[in-house]
Amino acid sequence: MFERLALKYAAGQPASTAMSWFEGEASFDQLSRDVSRVACALFQLRDLVPSVVAIRCVHPYRHWVFILALARLGIPSASLPGYVDANFHRSVKILSPDIILLDEPVEGLEQQVLVLNDAWFEHVCQTGAECAETITVQPDDVVRFSVAGGTSQDARRIALTSRYVETAVYHLLYQDVLSHTHRPENLRVLPTLGAETSSGFLIILSALVAGTRLQMMTGSELGLVFSQDIPTVAVVSPRHVEGILSQLPPGMSPLDNLFLTVAGGKLPKALCASIRQKLTSNVQVVYGADECGVITIVSTDVQSSDDEVGKPLPWVGLEIVDENHQRVSAGEVGRIRVSGTGVIEGYDLDPAGTEAQFRDGWFYPGDTGFVDANGTLHLQGRADDLISFGGDKFDLERLDERLLACAGVKDGAMFVVTDDQGLPTPWVALVTEDDFNLELLSKWMRAVFPNLPDATAVWIDALPRTENNQPDRVALQKAVKSS
1 MFERLALKYA
11 AGQPASTAMS
21 WFEGEASFDQ
31 LSRDVSRVAC
41 ALFQLRDLVP
51 SVVAIRCVHP
61 YRHWVFILAL
71 ARLGIPSASL
81 PGYVDANFHR
91 SVKILSPDII
101 LLDEPVEGLE
111 QQVLVLNDAW
121 FEHVCQTGAE
131 CAETITVQPD
141 DVVRFSVAGG
151 TSQDARRIAL
161 TSRYVETAVY
171 HLLYQDVLSH
181 THRPENLRVL
191 PTLGAETSSG
201 FLIILSALVA
211 GTRLQMMTGS
221 ELGLVFSQDI
231 PTVAVVSPRH
241 VEGILSQLPP
251 GMSPLDNLFL
261 TVAGGKLPKA
271 LCASIRQKLT
281 SNVQVVYGAD
291 ECGVITIVST
301 DVQSSDDEVG
311 KPLPWVGLEI
321 VDENHQRVSA
331 GEVGRIRVSG
341 TGVIEGYDLD
351 PAGTEAQFRD
361 GWFYPGDTGF
371 VDANGTLHLQ
381 GRADDLISFG
391 GDKFDLERLD
401 ERLLACAGVK
411 DGAMFVVTDD
421 QGLPTPWVAL
431 VTEDDFNLEL
441 LSKWMRAVFP
451 NLPDATAVWI
461 DALPRTENNQ
471 PDRVALQKAV
481 KSS
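Anchor point for the sequence shown: position 236 equals 236 in full-length UniProt numbering, and the numbering is continuous, going up by one each time.
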């Protein structure tokens, strides 16, 4: 029933723009009609009683029409990545949909598929009948599935109930009221986080509920969109920001009407300085996860250090605990755990994963930190050995195992080098056969780790090792920085 929240604005302001993209735009009235007609055309899906229907549709407007139409029918949905690669097939495996709606045929799928191309969509929206039946959804019915992979090395399925989605939307709207109170009216929202994540889904849904215009875009259009002097709110990851900065026109002045929220916790000083110098001075940092929503929020204007991420939001319970799950004193570093109405109960159909990160109503994101005397959270690192590349977590030892199994690799190791903006980037040291093909290694690694960013490769004569015969990643890092 979350489509009723999303389309409520159509009753009062039907002519206002709900969503725009470079080829066009749609009003709330058009969105409401298109959702109703697509729901009517898909009504027989209810007879199949699917537990989840996944959507792969590259066009952002049509993708959201499908999401809202399935919600109208009381059918749980999930979004798949638009680009068909190893990550796409990994998402299909994790989500395990009964049916997949496609905008074009995709090979290698075992599920029942329904190809609904552009011609089908246009025909239904222009000539189809509207859905007259109202489907009742109970508060604890699951209405949405997504993949979470930002807090551990394994991506897992999350199930969102109707009650959870509604509560999360209200949280985001209230959070928006708390922050950037000086913003002008008639803002547009740039959603850079995809609908395949619960965070991206909830941000877009909340913008529709608020009646705010959504400006949809592709990755290659980031620089163009962000260079426009139009009142804009955007939620981005640190990697998105780096991409945006690289695409900006030379000599562009910072934008007073751009209000940027950087998700992911700690924002390195160098990257923050580049944002404020080249893009906008209106920057805030949020710390959170798909499993619990936003935990803290802070403006970079008041940060005393880049590890400071703000105070917990009103609906968030936050504690710092030791290895025995006992609270520690203010200023003492320990494991972060959170509770509250924004925390899911666990991973869907994954008791082992749930046991690892959920305990007695608390969610453990895997980070360490401390709370100072003023109640402000400071992030310190990870409680495990995972490294974050582009928002996803990786175990370097597991990467090494895969690397060493590649044909032509005699020895090697993954290691981390911080880039000019202060973000960790993957590097690989290699001892290989003379005719080794680096492209084959890239495909080999991504077959298991599809979200692994491009790694910088260096060839060496012998891999440095510690006294315990482990790869000396510190020595590799120092060698790169000194070169």
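For each residue, glycine too, the CB sits at the ideal point set by N, CA and C.
CB of residue i within 8 Å of CB of residue j, strictly
i	j	result
residue 225	residue 248	no
residue 91	residue 81	yes
residue 35	residue 69	yes
residue 368	residue 334	yes
residue 450	residue 426	no
residue 205	residue 2	yes
residue 357	residue 417	no
residue 188	residue 161	no
residue 352	residue 214	no
residue 32	residue 54	no
residue 95	residue 157	yes
residue 336	residue 327	no
residue 310	residue 379	no
residue 131	residue 40	yes
residue 216	residue 14	no
residue 391	residue 237	yes
Residue i to residue j span [Cα, whole Å]
i	j	result
residue 267	residue 46	45 Å
residue 269	residue 221	26 Å
residue 463	residue 71	54 Å
residue 307	residue 373	15 Å
residue 404	residue 262	36 Å
residue 265	residue 286	6 Å
residue 468	residue 413	15 Å
residue 431	residue 398	18 Å
residue 474	residue 384	17 Å
residue 38	residue 458	52 Å
residue 428	residue 62	40 Å
residue 388	residue 6	33 Å
residue 375	residue 176	21 Å
residue 169	residue 461	55 Å
residue 142	residue 159	6 Å
residue 149	residue 109	22 Å
residue 145	residue 52	8 Å
residue 361	residue 407	46 Å
residue 350	residue 133	35 Å
residue 129	residue 439	51 Å
residue 210	residue 66	20 Å
residue 48	residue 393	37 Å
For residue i, three-class secondary structure by DSSP
i	result
residue 278	helix
residue 247	helix
residue 414	strand
residue 120	helix
residue 263	strand
residue 139	coil
residue 223	helix
residue 367	strand
Cβ-Cβ separation, residue j to residue i (assumed contact under 8 Å), whole Å
i	j	result
residue 395	residue 153	5 Å
residue 331	residue 315	Not quite, the Cβ-Cβ distance comes to about 25 Å (not below 8 Å), so this is no contact.
residue 137	residue 74	5 Å
Chain E contact for residue i (CB, 8 Å cutoff)
i	result
residue 357	Absent here is chain E; the protein component of the structure consists of one chain.
Cβ-heavy atom distance, residue i to the ligand FMN, below 7 Å
i	result
residue 166	This structure lacks the ligand FMN, and indeed carries no ligand of any kind.
*Any chance the segment 73-89 sits against the segment 23-32, with 3 or more Cβ pairs inside 8 Å?*
When C-beta atoms of the segment 73-89 are compared with those of the segment 23-32, fewer than three pairs fall below 8 Å, so the two segments do not count as touching.
_Segment contact, 8 Å Cβ cut-off, at least three pairs: the segment 297-304 with the segment 269-283_ = Contact holds: three or more Cβ-Cβ distances are below 8 Å.
_For the structure I just gave you, are there three or more beta carbon pairs, one from the segment 195-213 and one from the segment 108-119, closer than 8 Å?_
The segment 195-213 vs the segment 108-119: no contact.
*Indicate whether the contact test is met: 3 or more Cβ pairs, each with one atom in the segment 234-244 and one in the segment 288-298, closer than 8 Å.*
A contact is defined here as three or more CB-CB pairs under 8 Å, and the segment 234-244 fails this definition with respect to the segment 288-298.
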